[in-house]
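Taking it in order: structure first as structure tokens, then the write-up.
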């Protein structure tokens, strides 16, 4: 009886500054504005147990580190399908803790461990409808010249009082982002566990306009509240972006076929 070898693992898609694939249809539209990206290197062994089944930590080089991201920004005018975005309920500060993932089909993405948001109705909708770990928080964003400060204090669900205060000074525009900077910011999908099934939600947006930034203050316990070790030392990357408009397509089945 002839033995057959298992099919080879699909190669991981390349890191690209522009969308990795076409995104048919339109499930959600929104803009992400005034973003600050903070990243620390992490051991893939610490991250792997926190990822959905069927995914593994994404690394830039084999055997290298993965990353934990703390991303603060202003969500602007979330809209369903191709309807106009909602001005009040769809506009609010948000801060998320995210990890970097790749699935068995080689698709790179992010996994959210927590998403603080300042509007209760969107939080409840995302938790119930998409099983995303949104939490309701008291939040603010203040801009003064070239400085931006983001504050957040968790309200519901717990742990109550988990908080962050991030302040950065915006620097020069990045003409040629490094491969690591693209790896940390240009992510073209989200992996999640949807009622026990793997879900991949693709997104598309213009290329990020990125600025280097100086971290002035970072006091936070959101990373630990998300089940990760406390970050050690300064972030390996601090970036700012004025933002981009974003469109999410329909979730993809594991084989990559859009779900009707």
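Numbering (this note's numbering), first residue to last: 893 to 1152. Just so it is clear, CB atoms sit at the ideal spot from N, CA and C, and this is done for glycine as well. Every value quoted in this text rests on a predicted model; they were computed, and no experiment measured them.
Cα-Cα, which of the options is closest to residue i?
i	options	result
residue 925	916, 933, 968	968
residue 931	1105, 1141, 1097, 1020	1105
residue 921	1102, 1012, 972	972
residue 1098	1123, 1120, 1140, 1072	1140
residue 1010	1023, 982, 999	982
residue 960	940, 954, 974, 970	940
residue 1005	1120, 964, 995	1120
residue 965	1113, 923, 1115	923
residue 991	955, 1012, 951	951
residue 963	1056, 996, 1137	1056
residue 1136	1096, 1128, 1070, 1053	1096
residue 1122	1130, 1128, 1112	1112
residue 1117	1038, 1026, 1129, 947	1026
residue 1153	1126, 1125, 1109, 1093	Not covered by the structure: residue 1153. The range shown for the chain is 893 to 1152.
Just list the residues that DSSP pairs residue i with in beta bridges.
i	result
residue 920	972, 1140
residue 1073	BP columns for residue 1073 are empty, so no partner.
residue 1129	931
residue 1084	1091
residue 905	DSSP, once it has assigned bridges, lists no residue as partnering residue 905.
residue 944	DSSP, once it has assigned bridges, lists no residue as partnering residue 944.
residue 964	928, 987
residue 1103	1065, 1132
residue 949	993
Applying the 10 Å Cβ sphere with the 16-neighbour rule, what's the burial state of residue i?
i	result
residue 898	Confidence at residue 898 is low in this model, with a pLDDT of 47, below 50, so the placement of that residue should be treated as unreliable; the coordinate-derived value is given next. Exposed.
residue 993	buried
residue 1165	Since the first residue shown for the chain is 893 and the last is 1152, residue 1165 is missing from the structure and cannot be characterised.
residue 1035	exposed
residue 1028	buried
residue 1132	buried
residue 1014	buried
residue 1001	buried
residue 1073	buried
residue 970	buried
residue 934	buried
residue 1148	Because residue 1148 carries a pLDDT of 47, less than 50, the predicted location of this residue cannot be relied on, and the following value inherits that uncertainty. By the neighbour-count rule (16 or more Cβ atoms within 10 Å), residue 1148 is not buried but exposed.
Evaluate contact between the segment 1076-1088 and the segment 903-915, counting only Cβ atoms and requiring at least three cross-stretch pairs below 8 Å. yes
Run through the segment 985-1067 for me and flag every whole alpha helix (DSSP H) of 4 or more residues, listed as ranges in chain order. 1012-1022
Check whether the segment 1063-1070 and the segment 1017-1032 are in contact - that is, three or more C-beta pairs closer than 8 Å. no
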